[in-house]
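Contents: one structure, followed by commentary.
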Amino acid sequence: MLKEETRKPYYRALDAFLEKERADGQTILPARRDIFNALASTSYDRVRVLLVGQDPYPTPGHAHGLCFSVQPTVRPLPFSLRNVYRELHEDLGYPVPNNGYLEPWARQGILMLNTVLTVRAHKANSHQGRGWEQFTDRIIELVAAKQTPVVFVLWGREAQKKGALITQSHHAVVACAHPSPLSARKFFGCRCFSHINRDLAAAGLPPIDWQILDV
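So in my numbering, the last spot in the sequence shown is 219, and the numbers never skip.
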């Protein structure tokens with residue numbers, strides 16, 4: 005579905021930029037094998053929730069291609085993810101897990117998509133404006149074209165701009181503040197997890213089991 009996209013000039017320029025970063029000795033995160041992990045973990049036909057993130061964690065060993073998720077051994081958890089877990093606990097009562105590995109959500113049909121899929125190590129937002137946004141906008145457009153209902157989860161102002169790509173009325177949108185420490189005060193109390201499950205139920209779809217087990 006994305007084959008034509010990867011042939012466009014902007015994508016070729018993005019590819020060249022990433023190769024130059026590597027040639028210049030920069031560490032690119034996540035690992036090359038994990039860049040498209042969100043697409044590999046949740047196939048198009050199984051997507052029923054799309055969670056929009058920004059760019060990968062810039063700390064080596066953290067990012068693995070799913071927005072907000074970290075590798076199972078990462079301690080302490082990133083602040084945004086801790087806030088996600090706090091809201092999840094207050095919303096649905098699940099215990100806060102000892103890890104931030106959100107792959108179980110992806111396996112249930114949540115496409116966990118950052119709008120920028122790579123970052124230079126230790127330098128947040130360093131790959132913004134290089135072409136990833138056009139590529140991931142196309143992914144969002146393709147999901148929005150599905151005839152089956154999808155719940156789009158837009159945390160924060162940047163994610164909410166993607167609402168313009170969601171035009172079909174059979175989809176649902178859950179929008180609230182971003183869980184980062186800068187806006188967490190507005191994120192707490194949004195009860196977005198129960199909201200998502202209500203929207204899925206209204207569409208005749210099974211709920212998400214949000215519990216992440218300890219490892």
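Here a beta-carbon is modelled for each residue, glycine too, at the ideal position from N, C-alpha and C.
query, result
"Just mark Met254 as buried or exposed, buried being the case when its beta carbon has 16 or more other beta carbons within 10 Å.", "This structure cannot settle anything about residue 254, because the visible part of the chain is limited to 5 through 219."
"For Pro153 and Asp28, what's the separation of their Cα atoms in angstroms?", "44 Å"
"Any idea if Tyr61 is buried or exposed, counting beta-carbon neighbours within 10 angstroms, 16 or more meaning buried?", "buried"
"Am I right that Leu204 and Val177 are in contact with their C-beta atoms under 8 Å? What's the rounded C-beta distance?", "About 13 Å; that fails the 8 Å criterion."
"If we require 4 or more residues per run, which alpha helix (DSSP H) segments fall completely within the segment 61-128?", "83-96 and 107-111"
"My assumption, with CB atoms under 8 Å, is that Met116 sits in contact with Gly57. Please give the rounded CB distance.", "7 Å"
"Could you give the distance in angstroms between the alpha-carbon of Ala21 and the alpha-carbon of Leu43?", "For the sequence presented, residue 21 should be read as Phe rather than Ala. Taking the straight line from one Cα to the other gives about 22 Å."
"What does DSSP give as the partner residue(s) for Gly57 in the beta ladder?", "Asn118"
"Could you tell me the boundaries of the beta strand (DSSP E) in which Trp159 lies?", "Val155 to Trp159"
"Would you check if the segment 125-143 and the segment 75-90 touch, i.e. whether three or more CB-CB distances between them fall below 8 Å?", "no"
"Please state whether DSSP places Ile226 in a helix, a strand or coil.", "There is no way to answer for residue 226, as the model of the chain reaches only from 5 to 219."
"Does the segment 78-94 touch the segment 107-122, meaning 3 or more C-beta pairs lie closer than 8 Å?", "no"
"Only counting the same chain, and skipping five residues up and downstream in sequence, which positions put a Cβ closer than 8 Å to that of His199?", "Val178"
"Does DSSP put Cys194 in a helix, in a strand, or in coil?", "coil"
"Can you give the beta carbon distance from Arg195 to Leu18, rounded, assuming they're within the 8 Å contact cut?", "No, Arg195 and Leu18 are not in contact; Cβ-Cβ is about 37 Å, not under 8 Å."
"Check Gln147 in the structure and name its three-state DSSP category.", "Checking the sequence shown, residue 147 turns out to be Val, not Gln. Helix at Val147."
"State the DSSP-derived secondary structure class of Ala181, mapped to helix, strand or coil.", "coil"
"When DSSP labels each residue in this structure, what does Ala176 get in the three-state scheme?", "strand"
"Does the Cβ of Val147 have 16 or more other Cβ atoms within 10 Å, making it buried, or fewer, making it exposed?", "buried"
"Can you give me the Cβ contacts of Ile39 inside the same chain, cut-off strictly under 7 Å, excluding the 5 residues immediately before and after it?", "Gly69, Leu121 and Thr122"
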